[in-house]
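2 protein chains.
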Amino acid sequence: MRKKRVSITDIAKELQVTPSTVSRALNGSKKVSEKKRKEILELAKKLGYRPNPSAKNLVNRETNTIGLIIPEFTHHFYSRMLSGIESITSNQGYQLIICTSNEKQKKEIKACETFLDARVDGILATVCKKNEKFGHLQEILDSGTPLVLMDRLCEEVDASYVVSNDFEGAFNAVNYLIESGCELILHISGPKNLSTSFNRMMGYKEALKKHEIEFNPEWIIQNDEEDMTQRIKSCLQKYAIQGVFAYSDYLAYEVYQIAKELNLSVPDDLSIIGFADEPIASYLSPQLTTVNQQPYEMGAAAARFLLNQINQPGTPLETKGLKTKLIVRESTKKNAPDINPPINS
Amino acid sequence: MRKKRVSITDIAKELQVTPSTVSRALNGSKKVSEKKRKEILELAKKLGYRPNPSAKNLVNRETNTIGLIIPEFTHHFYSRMLSGIESITSNQGYQLIICTSNEKQKKEIKACETFLDARVDGILATVCKKNEKFGHLQEILDSGTPLVLMDRLCEEVDASYVVSNDFEGAFNAVNYLIESGCELILHISGPKNLSTSFNRMMGYKEALKKHEIEFNPEWIIQNDEEDMTQRIKSCLQKYAIQGVFAYSDYLAYEVYQIAKELNLSVPDDLSIIGFADEPIASYLSPQLTTVNQQPYEMGAAAARFLLNQINQPGTPLETKGLKTKLIVRESTKKNAPDINPPINS
DNA sequence: CTGTTAGCGCATTCAA
DNA sequence: TTGAATGCGCTAACAG
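Here the protein sequences line up with chains S and H, keeping their order.
Note that our numbering has the first sequence beginning at 19, numbered continuously upward.
Note that our numbering has the second sequence beginning at 19, numbered continuously upward.
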């Protein structure tokens, strides 16, 4: 029982003019007499006329919609990214269609198809962890649909990118640990094959290098190894580890628990730094020192990139690395002077 | 430079038939010879034919899209709700268009207009805190667009609802406090005019009543009063408050901090219960006892209601109250026997 | 300035 | 079973 909406022809009939004239008046074309324009606009308003986007899309070949793929909603990081995106797109009159991949490539591929079928004007995505094939992303590119990827790099795909400067963030974090007196530092690294994992690990290594601390492969424990917890425990006991730099705040929390078990006090016996500055970081006891990534800005910047590409076809691809910021709280000892030094490279 | 997509006529030409036939074949109509159907389907696949939704919408008057309005992305509660919604809608081939209100009625109104303009097939919404006018929601109803509201009730709007059983949740929480030995219990209540605030407060009162504890108006402090923190402090000091039931986990955390300041140990000196079971609840020290609301199920149920209304116009409105569950953690003393008793009414 | 004509891609009615 | 014709609501090219 949907109510019939008034169309351009309805108002044309009532005013004894042609639909064309009405269309022109409504679209602000100059080629309409002031008098008629006024009449038309008034009647349109009175009748509650609203253009039918499907009809428009059909002739204009644009849908004013943007497709967004994210791994999941429930990480605060993605929520903030989403907010950033929405703040830009809603402002520009674009609809946001959202699909989640749940880190499953199958769902990601399906989402891409859905978006292509829907003729979205552009696509924003954070690819999922286990991406081994990139045909679906290549298809987007081939179709001529603008694509901007966020957070995770993807060498194989020639798109625009907005990511965090993971290397810098990790470097500064580990550097801070060292300068505050830690020497032996454990790194809990992230999922394999993820650019973010790789770059944060590299930042860790580079910081060690800067301070001429010999790197020991045993000090890196992967989060997706089965017995991660056990390995961390062993490592903490075997070496006199003084600091831990974790890939995420959640992993940092695991270290909190291990420390508790081992009767290590944080930060006196063990300094811990996380990554992402999720809300939990400031609710933990002691509050977690972590690396802020500006997810809101990430989303906003990506949306801007995308809208540029949509509105000005041919705009060259862009890549943006967002600055990170070390947020010093209570899980680290406090004797480092400068917390966000530039990387000397 | 968008690549042209193949249309129904493209494949008609190539096969020397009319678009009608192709349309029929593609839509599984019986009135096509098996041979032609096979030919058509094969060529369609080969050419990568994908129907144009705008064209379909134009003739069918449905868009296969659902509009969703939520206050914000960044509360875990809404993220989970979103996941629940998405799990249902994506399964049924519906697109989800999302707008956030940021708790501003102005944005909510705009979102409704946007959705109506977009001819969405249905709308899901959690209304914002300060809703004084309901014309925009009434307009949705008047247009014949199915509407399901979530989490917050809205007497003025005659739609379907899926909400938590806030009363029951609050009642059980406070009842638990009492049965574990607390007698003087403070309630930090939520934003004015919100059904959830009202019902949780009523649950609080009812539990006191059940145990014949005299109710003192000073024991209810509103979260949107300016000097909330100060008032809580005064109250804790003036009376020998033994338990606090807070409208949300975040408010409960504020009480943690106040308790710390006042040198009150949780739960020995003061038991605290929150509401919502946000992730922070389990990361706090001590871990927070709280009321779980099943936001995922809330979203899923609302989506199901909506799809029912869309697919079977005339379906009567439904209202569902989701069970809550008291999650006992470390912020409450442990001597209550039955944590989720039925309300005796 | 305004009307006429045509077409976007598809589904559907009516004939054949 | 298939084709021809029509229209969904709108824009745009072309005449006048």
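Ideal Cβ placement from N, Cα and C applies to all residues, glycine included.
Residues of chain S with a Cβ closer than 7 Å to the Cβ of Pro297/H are, in chain order, Ile298. Gly317/S and Glu315/H have their C-alpha atoms some 28 Å from each other. Within the segment 102-127 of chain S, those residues whose Cβ lies closer than 7 Å to any Cβ of chain H are, in chain order, Glu104, Ser108, Gln113, Leu114, Ile115, Ile116, Cys117 and Thr118. Within the segment 260-338 of chain H, the complete beta strand (DSSP E) runs of at least 3 residues fall at 261-264, 289-291 and 308-310. If you keep only unbroken beta strand (DSSP E) runs of at least 3 residues inside the segment 148-193 of chain H, you get 165-168 and 178-182. With 16 or more other Cβ atoms inside 10 Å of its own Cβ, Lys223/H counts as buried.
Assignment of beta-bridge partners to Cys117/S by DSSP yields Ile87/S. Distances from the alpha-carbon of Gln305/S to those of His93/H, Gln275/H, Ile250/H and Val40/H put Gln275/H closest.
Between Gly162/S and Lys124/S, the alpha-carbon positions lie close to 22 Å from each other.
By the beta-carbon neighbour count (other beta carbons within 10 angstroms, threshold 16), Pro297/S is buried. Taking all protein chains in view, the Cβ of Lys351/S is crowded by 16 or more other Cβ atoms within 10 Å, so the residue is classified as buried. A residue is called buried once 16 or more other Cβ atoms fall within 10 Å of its Cβ, and Leu280/H, having fewer, is exposed. Under the criterion of beta carbons closer than 8 Å, Glu121/H and Lys147/H qualify as touching, at roughly 5 Å. Distance from the Cα of Leu165/H is smallest, within the candidate group His154/H, Ile88/H and Gly140/H, for Gly140/H.
Among the residues of the segment 69-83 of chain H, those with a Cβ less than 8 Å away from any Cβ of chain S are Pro69, Asn70, Pro71, Ser72, Ala73, Asn75, Leu76, Arg79, Thr81 and Thr83, in the order of the chain.
Under DSSP, Ser207/H takes part in a beta bridge, and its partners are Gln240/H. Counting only Cβ-Cβ distances below 7 Å, Ala136/H has contacts in chain S at Pro71 and Gln113, in chain order.
In this structure, Leu195/H and Ile203/H form a Cβ contact; the two beta carbons are roughly 6 Å apart against a cut-off of 8 Å.
Sorting Ile259/S, Gly261/S and Leu302/S by C-alpha distance to the C-alpha of Tyr268/S places Leu302/S at the top. The way I'd put it, the segment 83-100 of chain S does touch the segment 130-145 of chain S; three or more beta-carbon pairs between them come closer than 8 Å.
In the three-state scheme derived from DSSP, where H, G and I count as helix and E and B as strand, Lys256/H is classed as helix.
For Lys125/S, the uninterrupted alpha helix (DSSP H) run begins and ends at Gln123 to Asp135, by DSSP.
For Leu142/S, the uninterrupted beta strand (DSSP E) segment begins and ends at Gly140 to Ala143. Taking a cut-off of 8 Å on C-beta distances, the segment 27-45 of chain H does not touch the segment 72-80 of chain H, as fewer than three cross pairs fall below it. By a beta-carbon distance limit of 8 Å, Arg23/H contacts Arg68/H. Their separation comes to about 7 Å. Residue range His94 to Thr107 is occupied by the alpha helix (DSSP H) that includes Ile106/S. At a cut-off of 7 Å, the C-beta of Ser215/H has no neighbouring C-beta in chain S. When the five nearest sequence neighbours on each side are left out, the beta carbons in the same chain lying within less than 6 Å of the beta carbon of Asn193/H are those of Ala225, in order along the chain.
In this structure, DSSP gives Ile29/H a helical state, which the three-state scheme calls helix.
At a cut-off of 7 Å between beta-carbon atoms, Phe91/H makes contact with chain S.
Taking the CA atoms as reference points, Tyr271/H sits about 14 Å from Ala299/S. For Tyr265/H, the closest of Cys130/H, Ser215/H, Asp287/H and His229/H by C-alpha to C-alpha distance is Ser215/H.
Within the segment 257-287 of chain H, the residues whose Cβ lies closer than 7 Å to some Cβ of chain S are Tyr271, listed in chain order. Taken atom to atom, the span from the alpha-carbon of Arg170/H to that of Val180/H is near 8 Å. Residues of the segment 149-175 of chain S with a C-beta less than 8 Å from any C-beta of chain H: Asp160, Ser161, Gly162 and Thr163, listed in chain order.
Residue contact check for Lys22/S against chain H: no CB pair falls below 7 Å.
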